[in-house]
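Only one structure is covered here, and it is reproduced in the block below.
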Amino acid sequence: MPGKTPLPVMPARQLQPSVPLVALDYLWFQVAGTVCNLRCAHCFISCAPDNHNFWFLDLETVRNYLEQSKAWGVKEYYFTGGEPFMNRDLLPMLEEALFLGPASVLTNGTLLPEKTVRRLAEIDASSGFSLELRVSIDGPTAESNDAIRGTGCFDRAMEGIQRLVAHGLMPILTAAQLWDPAQDLEVLDQFTDALRKVGYDRPRIKILPTLRLGREAARTRGYSDGELVTRAMMEGYEVTQLLCSTGRVVSDRGVHVCPILLEEPDALLGATLEEADRPHTLSSRACYTCWLHGAICTNYGGIGQEL
Amino acid sequence: MLYATSEQAYSRVAVFGGVYANHRALRAAIEDARLRGAEAIFCLGDLGAFGPSPNRVFPLLIESGVHSIRGNYDESISRGLEDCQCGYTDPRDNHFARLSYRYTFANTSQRWRDWMGRLPAGRRIRLGSSRLLMSHGSPRRTNEFLWESTTPSHFLEKLCDDHDADVILATHTGIPWARRLSGDRLFANVGAIGRPANDGSPAVCYAMLWADGGAVDVESIPLHYDHEALAMEMKAERLPEEFIETILTGWWTTCNEILPMKERRRGRY
């Protein structure tokens, strides 16, 4: 039609929904940065012994954020990396966090010698709040797990779990769903058997989706164009299912929107919790995984299977 | 949230949650609360689930003048939702939650579904000079789990500030606990009367609260009732053996995966 002004084309980013911080319930600490003793083939932030992209947090920094967290009414503290037990201050950090509230550690379970586990049990006993240890094992056998996490890792992590259980702790085995979802129940049974064999008679298991970022994107595939959260997808969706509405993560660079998007440039929101109290646009395709499964990072979310 | 507000000031009240169709414990709790001098009795919701013949609890609540609010279960049943919105994530837990929900939904008359749909989501009363706020999960979310080992005091302080309350009450988890906060404020999870508290005793519990000077005190009252008769009724209704075992032994056999480590460790399963 002559004379008609063409409609302006919106940049793709503006079509993405924006999620406000509804409440700061979960405060995460990237205590080991991207430094890890392992080099897992599916790591979404490509952690490794020589990945110094993000560095360790020190005790003073953690203490400072713990203090700030009280006014925000933070409900739970999470410690992740990299491998948190590579941070020599992890145990005092946990002790201080557990003075205020519940704490969870996401670990590969390979750095849990008797001395460390004994100390964890003491820290647990000294607090009324729960200390959760989430031990990552990605397959119910050495063969399936070690193909992803490295030779010997299955046995070492299982020994870690055995020691935790022997000291009265109840770790949560956390597995990335690297198998065909149709095999979920079979795999769960195999995990349960493997855990019972090391003396864990009430095994706790959490299954997580993989995130197609970092090394995982290279191992399988990255996100496709269709895997993007649109505004229409947020209609009628419970926004608190997304960690960005209820959590933030502290790294050596500042406060980021969530631990999954650590490396995304727009995920760094500021230097303080106040500065990080602003909406985040779901521009990353990894947000699609979070949207699909909901609350994947917290202890009680995960992929639920129908019996 | 839509609150019912009463200007009447009480000095001693009884509060329970999680009736779970346990009409025998409900009757026992009402009698016990009256004997102990409660001026009013309040219920924090979840009237059905788990137990037998859900229709039996409603006349009891109404005849006894119990003031109830709506739990997630009541909301689901009254609105005909697909599930109980309990917030479980484990497949076995969800399996049992679904069995229980289907049974309860099929056995709750439309009349009582409508009645539950009209219940308020929260309630405010005065206890002495204290402002008391009753919720099901928490004042901010009906199905929020407030366990003792995962609820920091600074979080509860903020809840009191945000919701203009001196005392906050909740249920939803089924395990009672209480914590004194700054300025003599108080949080209490009143536990449940429909199911034992995963402590190896078939007794259930409710909370007695009373004004004490400018503050409020709370006591968790263990309640023994004819749990064996309830177990027989559950058997007759062909409810899962797992549920009956819990009523008889006091140990939770299902819905354990949602428990934080400390609460889980205290249980048997």
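One line per chain: the protein sequences are Y and U, in this order.
In terms of the working numbering, the first sequence is numbered consecutively and its last residue is 307.
In terms of the working numbering, the second sequence is numbered consecutively and its last residue is 576.
Where is the CB? At the ideal position from N, CA and C, for every residue including glycine.
- Between the segment 87-107 of chain Y and the segment 128-145 of chain Y there are three or more C-beta pairs closer than 8 Å, enough to call the two in contact.
- I369/U sits exposed, since fewer than 16 C-beta atoms from the chains shown fall within 10 Å of its C-beta.
- For the segment 238-265 of chain Y, the residues whose beta carbon sits under 9 Å from a beta carbon of chain U are, in order, T240.
- Flagged as an interface residue toward chain Y: I565/U, by a C-beta distance shorter than 8 Å.
- Assignment of P265/Y by DSSP, reduced to helix, strand and coil, places it in the helix class.
- Between V19/Y and P265/Y, the CB-CB gap reaches or exceeds 8 Å.
- Cβ contact annotation for R212/Y (same chain, cutoff 6 Å, sequence separation greater than five): G222 and Y223, in chain order.
- No Cβ-Cβ contact shorter than 8 Å links W55/Y with V249/Y.
- Taking a contact to require three or more Cβ pairs closer than 8 Å, the segment 275-289 of chain Y and the segment 398-418 of chain U do not qualify as touching.
- In the DSSP assignment, D400/U falls outside any beta strand (DSSP E) and within the unbroken alpha helix (DSSP H) covering P398 to A413.
- A336/U and I500/U have their alpha carbons spaced roughly 8 Å apart.
- For the pair S127/Y and L546/U, the Cα-to-Cα distance works out to about 39 Å.
- Rounded to whole angstroms, L164/Y and L195/Y show a C-alpha spacing of 12 Å.
- Under the DSSP assignment, C512/U falls in the beta strand (DSSP E) whose first and last residues are V511 to D519.
- Interface residue (Cβ-Cβ distance to chain U less than 8 Å): R202/Y is classified as such.
- Proximity of chain Y to T457/U at the Cβ level (cut-off 8 Å) is accounted for by K75, E76, G101, P102, F129 and S130, in chain order.
- Under the three-state reduction of DSSP, F129/Y is assigned to coil, being neither helix nor strand.
- Between the beta-carbon of L333/U and that of V364/U there is about 6 Å, and that keeps the pair under the 8 Å contact cut.
- Around the beta carbon of P181/Y, a 10 Å sphere encloses fewer than 16 other beta carbons of the protein chains shown; the residue is thus reported as exposed.
- Linking F44/Y to A316/U through their CA atoms gives a straight-line distance of about 57 Å.
- Within the segment 470-497 of chain U, not one residue has a Cβ closer than 9 Å to any Cβ of chain Y.
- For the pair P567/U and P102/Y, the CB atoms are nearer than the 8 Å cut-off.
- In the DSSP assignment, W484/U falls within the unbroken beta strand (DSSP E) covering W484 to R487.
- Assignment of R204/Y by DSSP, reduced to helix, strand and coil, places it in the strand class.
- The way I'd put it, the segment 475-490 of chain U does touch the segment 313-330 of chain U; three or more beta-carbon pairs between them come closer than 8 Å.
- The DSSP-derived three-state label of W422/U is helix.
- The residue among G33/Y, V22/Y and R204/Y with its C-alpha nearest the C-alpha of F79/Y is G33/Y.
- Here G82/Y is not near C40/Y, since their CB atoms are 8 Å or more apart.
- For the options C391/U, P509/U, S456/U and R430/U, the alpha carbon positioned closest to that of L100/Y is the one of S456/U.
- Taking 8 Å as the cut-off, the beta carbon of G73/Y is found no closer than this to the beta carbon of F412/U.
- With respect to the 8 Å criterion, R204/Y and M170/Y are classified as neighbours on the basis of their beta carbons.
- C-alpha of I376/U to C-alpha of E451/U: approximately 15 Å in a straight line.
- Proximity of the segment 551-559 of chain U to the segment 436-455 of chain U falls short of the contact definition, fewer than three beta-carbon pairs being nearer than 8 Å.
- Look at F462/U: its C-beta is under 8 Å from a C-beta on chain Y.
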